[in-house]
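Residue numbers (the working numbering), protein chains in the order written: chain R, 1 to 364; chain U, 365 to 1007. Beneath this line is the structure, given in structure tokens, with notes to follow.
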């Protein structure tokens, strides 16, 4: 990923050593006690010094929703905008200021309902944005209606007999929208979250990070199966580039987990359909376990991975980086066109522009 | 733009044209002070191109001129039908004129539909040139002619010139290796040649244009030039055209200077590029294609070497959103659209009001509501611009009065946006956008200085003496807040659409603070310095004031001139600034017994004037998608004077 460094080089570096404290604003954090947003905020504030960028060249842009209050708590430049529009606003900022590191903070309602159009177009353009999509599968700020990621049949104030519409899978959606970087992580796993943020920050172009985030007021425990140590072993598939995709307690039937370096379950490709499925790992099938390739030019396998999870039970939920590929970056292309225009036509001369075309002179 | 002809044959030199010209003395030449010509045909006949070319010839000849392109929203409406008729009207004169003219002196009708759609606008005695080849029984029946209007006497009061334009064009191009259909497509150039002969237009410009337009296909250029010259020669030789006309250059109408012909959208685009240079800020346009505003997006996209960034967004909301993001980053940010797009952008405009960032919203108004009349003009977005947002969200409004004035209006809108850190509406319309007129090219030294100062350091001391940056600490004169762009060390701050504490900018739900902020945002807009409105009241005896805004300037001024020529006293004032109004407007209005406000809506300015000044303003309205006609307006004003 040499290109990543090339783009990050455009953002000025911090002069001294930074600490987490440097990124805390003086504003009182006003999320509900116990909200998963606190953990994400702490992880981001803790991660920023690792980036080492000048604080004044970092901008957080958000939409509307609980998570969208995020910029107020970051001691960087920030804009709390309007519902769903943060990717559009951030696109204009990033495209006109390549010396900035621009982050979008959004939620499942903000990004996937009212702002769905802006999200998919930002992804297809590959603008140099890092989008943190806090997915709590509920509308929190409006007090508990179902969201576009809620499971079918969700009982809420607006759906007393259960919600009717099928949810989006944000990772599948992003991959379908030509995203060049797609990852998923969990609010409570600080180490994993930080590692994913690091890779996102390094990525040239749009990085979409879905963060499973607990709303302890309106949808408490939505991701418990992924967090509870025992259940998580069976539910969570940790994706590591270049590693076989294995999970679950214990190793293969005849070796210990420590020796084999993987769980008792694994992901293989079905020879007939080409689709992926989960199998119990045996010495016979161990060689067939899929090795994760986040840099694959084709999004096909990443998409198949995104479909493994059961939307209701969340069993077989992959987390980590699904896809990370180099693709031309919109703001770079735009800057290149400006340079090319100057090279071809010279720097704009307003007097010549205004006097172009057929002219005639009136003598006094 | 449809006069393509493909050919491989070489084109003969233009020597014949030159000889024919020398023989012009054998025909009668009459001198006119002004002429109104309307070219009309199918939307595929190339009438807009024909009109554009005649306009350029006329501009380079030095006449004053004003144009009115009029075309359907469909790209190619069904051929030969009334809805498919496209026309281009041009008024040119040896003196200064203000409108594209009420009634054509000459109609060029390329088919029965064009005749039928336009004959009602022609005064008796007008000349009609018809393409007889298209007057087939079937084509006439299609538009409801049972008998041929060329033969049934219905055109007896007119000077009819039946010309087989298609046949003559095909005949003229028979040396070229073209199919009949291909050759027929040059008939608009034949018509242009004929009209150019009739009115002694210079032809070099059109030939140069054709050579350059078809630079990669010299044969096509040659065929079109051949058709153009054949049209000229036809006028010269045929007995049907016994007279040609001269309209002298409008030498005294213009102040000295270098001039060019310019349309409103082009002038507006140049105004934005000029504002960017004068402000020393990069220009960023976020836009979504919409008629009749798209030409600004097209034009600005051609000027990347001026540092202009154009972003074609996924929708109207993203267009303005991206512009607002660029404004936060320190660009001169613009979004361009028409009425339906403004409706979609409303929430973001409200955000810009709350963020207090400079942003230009260019609305090229068209007929509404909803999709309405996309290619026709209207002034019915004034109240949308004034009030079309949730909450108290005042936005300054500036309106150009003529196509060329779009240049200055864009600079003025930028001045207000940058000085006061506010979104500003620039209300043009379809008539200004597509119409054109001569423009004196300004010297760059004449342009206003629009440079701004970004915030560089702390601007406030806390009680304990700590120096801090307060993003909403205002300039006491303008009430503008500081513009601190990302990348400036020490000024990190957060802004948003939630109400904020005055000064610190921190979120505040305090009732008294909200009341204060609402009033402060209003006071900032109310306090914008705008020039006084000028009143044209030559003898000072007028009792009636006619007040206009935007593109009605031409027709209103023309109507006022007519009345004065007839001995009437009437005063005229025209508003460029609709929010805030000029300081002297209240006093001006109270100086007259009667105020008449003509608008291409149902009285939107009149509503504002009545509410603010308690003046019993009279509305005169027309909402038919077309600009006012001077004569009709003069009659209405006369009634008001006599009343």
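For glycine and all other residues, C-beta sits at the position ideal for the given N, C-alpha and C.
Distance between residue 749 of chain U and residue 937 of chain U, taken at the CA atoms: about 22 Å.
In terms of Cα proximity to residue 979 of chain U, the closest of U:455, U:908 and U:489 is U:908. Residue range 607 to 611 is occupied by the beta strand (DSSP E) that includes residue 610 of chain U. Counting along the chain, the unbroken beta strand (DSSP E) around residue 802 of chain U starts and ends at 800 to 804. Using a Cβ-Cβ cut-off of 9 Å, residue 679 of chain U is close to 88, 117, 118 and 121 of chain R, given in chain order. Around the beta carbon of residue 319 of chain R, 16 or more other beta carbons sit within 10 angstroms, so the residue counts as buried.
Along the length of the segment 911 to 966 of chain U, whole beta strand (DSSP E) runs at least 3 residues long occupy 935 to 939, 941 to 943 and 958 to 963, reported in chain order. Proximity of chain R to residue 808 of chain U at the Cβ level (cut-off 7 Å) is accounted for by 350 and 351, in chain order.
Straight across, the Cα-Cα distance linking residue 42 of chain R with residue 759 of chain U is about 40 Å.
At a Cβ-Cβ threshold of 8 Å, residue 533 of chain U and residue 554 of chain U count as neighbours. Of the other Cβ atoms in all chains shown, fewer than 16 fall within 10 Å of the Cβ of residue 392 of chain U; this residue is therefore exposed.
Taking the beta carbon of residue 501 of chain U as reference, no residue of chain R falls within 8 Å; the closest one sits roughly 43 Å away.
When C-beta distances to chain R are compared with 9 Å, the residues of the segment 696 to 715 of chain U below that value are 697, 711, 712, 714 and 715, in chain order.
Pairing residue 22 of chain R with residue 57 of chain R gives a Cβ-Cβ distance that is not under 8 Å. By the rule that beta-carbons nearer than 8 Å mark a contact, residue 506 of chain U does not touch chain R.
Taking a Cβ-Cβ cut-off of 8 Å, the neighbours of residue 420 of chain U in chain R comprise 358, given in sequence order. At a Cβ-Cβ threshold of 8 Å, residue 205 of chain R and residue 329 of chain R count as neighbours. At a C-beta separation below 7 Å, residue 355 of chain R has these neighbours in chain U: 622 and 805. At a cut-off of 8 Å between beta-carbon atoms, residue 415 of chain U makes no contact with chain R.
Around the beta carbon of residue 475 of chain U, 16 or more other beta carbons lie within 10 angstroms, which makes this residue buried. If you ignore the 5 residues before and after residue 66 of chain R, its C-beta comes within less than 6 Å of the C-beta of 140 and 141, all in its own chain and listed in chain order. At least 8 Å separates the CB of residue 184 of chain R from every CB of chain U.
Listed along chain R is no residue with a C-beta nearer than 7 Å to that of residue 958 of chain U; the closest approach is about 39 Å. A straight-line Cα-Cα distance of about 30 Å links residue 789 of chain U and residue 455 of chain U. Going by DSSP, residue 148 of chain R is part of no alpha helix (DSSP H) at all; its letter is neither H nor E. Each of R:131, R:46, R:183 and R:14 was checked against the Cα of residue 317 of chain R, and the nearest Cα belongs to R:183.
Going by DSSP, residue 525 of chain U is part of the beta strand (DSSP E) stretching over 523 to 527.
Going by C-alpha positions, residue 143 of chain R is about 9 Å away from residue 217 of chain R.
848, 849, 850, 851, 852, 853, 854, 855, 856, 857, 858, 859, 860, 861, 862, 870 and 871: these are the residues of the segment 841 to 871 of chain U whose beta carbon lies less than 9 Å from some beta carbon of chain R, given in chain order. Residues of the segment 330 to 348 of chain R with a C-beta less than 7 Å from any C-beta of chain U: 334, 337, 338, 341, 342, 345, 346, 347 and 348, listed in chain order. With fewer than 16 other Cβ atoms inside 10 Å of its own Cβ, residue 439 of chain U counts as exposed. Taken through DSSP and simplified to helix, strand or coil, residue 697 of chain U comes out as strand.
Under the Cβ distance rule, residue 56 of chain R counts among the residues neighbouring chain U, one pair being separated by less than 8 Å. About 7 Å separates the CB atoms of residue 915 of chain U and residue 765 of chain U; that is less than 8 Å, so the two are in contact. By the criterion of at least three beta-carbon pairs nearer than 8 Å, the segment 679 to 690 of chain U is in contact with the segment 717 to 731 of chain U.
Between the C-alpha atoms of residue 954 of chain U and residue 974 of chain U there is a straight-line separation of about 12 Å.
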